[in-house]
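To start, the structure itself, in structure tokens.
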Amino acid sequence: MSAGSIVAGCLAPHPPHLVYAENPPQNEPRAECGWEELRWGYERMRKRLAALNADVLVVLSPHWQTYIGTHFLGVPRFDSKSVDPIFPNLFRYKYGLDVDVPLAEAICARAKERGLVTQMMRNPDFRVDYGTIVSCHMTRPEWDIPIVGISSCRSTAWYSVEVMQEQALALGQATREAIEASGKRAVLLASNSLSHRHFVTESEVPEDMTHEHIYNHSQYLWDMRLLDHVRAGRGQAIIDEMPEFTVQSVSETDAGALTWMLGAMGVPDYPGEVHAYGTVIGTGNAVVSWVPPEEGASS
Ligand SMILES: [Fe+2]
């Protein structure tokens with residue numbers, strides 16, 4: 078068996094509005110349009126990933142929150158309906174997804190060897206969170222390859238961004254080792270927005286784009302600073318500045334997904350390709366892919 082590899086790492090944000098505006102058959106509510114820049118950015122990223130022949134998507138979601146360690150989906154198949162608790166008017170999504178349980182178990186075991194508290198989630202009636210579903214749907218709407226689902230253990234909330242990063246980097250190393258040993262070609266998805274201050278009232282027509290704009294200039298500047306590092310290939314600077322970025326922009330990077338993904342990729346010193354930046358209810362969202370040079374990075 079040849080060695081497995083991470084063929085791409087992606088920043089794949091999960092606002093349910095994006096699935097709503099795509100009108101896939103799985104989602105009940107119907108939209109007229111909306112958030113085109115981000116949706117078309119995802120479309121560009123899908124084209125970029127198509128040639129990489131991935132066997133599995135590995136996703137870490139801020140909305141699967143576990144308070145005793147990191148958990149992994151551990152059931153081969155889930156079929157149910159996901160309803161966004163904040164936006165049930167936009168996201169009532171009937172999903173069916175396959176899980177690569179052996180790879181999940183391998184990452185779980187290697188993370189435990191590195192001192193992390195881990196657990197396999199074996200409840201067949203578990204409802205998969207909308208962060209996992211939206212990021213996977215927007216990256217690969219065909220749902221034709223299995224996923225590995227990883228929870229967020231909330232160590233930023235319990236301790237600090239620094240503790241979160243230490244754990245997320247260890248989880249990234251474990252993820253990389255398990256993928257290499259598996260012989261599979263994996264795409265990693267960091268399911269999170271960047272700046273995360275958002276509107277507190279919804280416009281009458283959610284997809285009325287006359288209401289959509291950046292909420293806060295200073296947080297926008299933080300997003301641009303981070304994306305400047307992405308575009309220049311300064312992965313280590315992203316890690317180094319993560320504590321200040323996360324606090325100053327109340328970012329969903331607090332969940333550790335971006336640190337985990339960058340760590341698993343060896344902290345890239347090559348550029349990420351920014352397919353889109355746009356806001357959803359004022360939050361900053363970037364769709365980005367890092368493709369290692371040996372896989373044919375285009376940047
Ligand atoms: Fe979120």
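Residues in the sequence shown are numbered consecutively from 78, following the numbering used here.
Ideal Cβ positions, reconstructed from N, Cα and C, are used throughout, including at glycine.
Following the continuous beta strand (DSSP E) through Leu167, name the residue where it begins and the one where it ends.
-> Where Leu167 is concerned, there is no enclosing beta strand (DSSP E), given that its DSSP letter is neither H nor E.
From which residue to which residue does the beta strand (DSSP E) around Leu24 run?
-> This structure cannot speak to residue 24, because the chain is shown only from 78 to 376.
Provide the residue(s) that pair with Asp156 in DSSP beta bridges, ordered along the chain.
-> Gly173
Compare the Cα-Cα distances from Glu279 to each of Val225, Phe203, Glu289 and report the closest residue.
-> Glu289
How long is the line joining the alpha carbons of Leu260 and Ser79, rounded to whole angstroms?
-> The amino acid occupying residue 260 in the given sequence is Gly; Leu does not appear at that position. Cα to Cα, the separation comes out at about 6 Å.
Identify the continuous beta strand (DSSP E) that holds Gly118 and give its terminal residues.
-> Premise fails: Gly118 lies in the alpha helix (DSSP H), 113-127, not in any beta strand (DSSP E).
Given Ala309, which residues of its chain have a CB within under 7 Å of its CB, disregarding the five upstream and five downstream residues?
-> Pro348
In angstroms with no decimal places, state the Cα-to-Cα distance between Ile315 and Val364.
-> 16 Å
What first and last residue would you give for the beta strand (DSSP E) that runs through Glu350?
-> 350-357
Should Ile222 be labelled buried (16 or more other beta-carbon atoms within 10 Å of its own) or exposed?
-> buried
Rounded to whole angstroms, what's the CA-CA distance from Ala89 to Ile163? Just pull it up for me.
-> Spanning the two alpha carbons is a distance of roughly 20 Å.
Could you check the C-alpha separation between Glu371 and Val282 for me, to the nearest Å?
-> Glu371 and Val282: Cα-Cα distance of roughly 46 Å.
Between the C-alpha atoms of Ile358 and Leu246, what's the straight-line distance to the nearest angstrom?
-> 30 Å
Return the residue from the list Ala181, Gly173, Val324, Trp112 that minimises the CA-CA distance to Arg274.
-> Val324
Determine the direct distance from the alpha carbon of Ala183 to that of Glu254, and round the result to whole angstroms.
-> 9 Å
Where Ser326 falls: helix, strand or coil (DSSP) = The answer is coil: DSSP assigns Ser326 none of H, G, I, E or B.
Identify the continuous beta strand (DSSP E) that holds His148 and give its terminal residues.
-> 147-150
I think Ala341 touches Leu265, with their Cβ atoms under 8 Å apart; what is that distance to the nearest whole Å?
-> 6 Å
Put Gln103 into one of helix, strand or coil per three-state DSSP.
-> coil
In whole angstroms, what is the alpha-carbon distance linking Ile210 and Ala263?
-> 17 Å
Segment contact flag, the region 187-201 with the region 122-138, C-beta cutoff 8 Å, min 3 pairs = no
Locate the alpha helix (DSSP H) running through Trp235, then write down its first and last residues.
-> 232-235
Kindly identify the DSSP beta-bridge partner or partners of Leu366.
-> The question names Leu, yet the displayed sequence has Ser at residue 366. Cys87, Glu350, per the DSSP bridge assignment.
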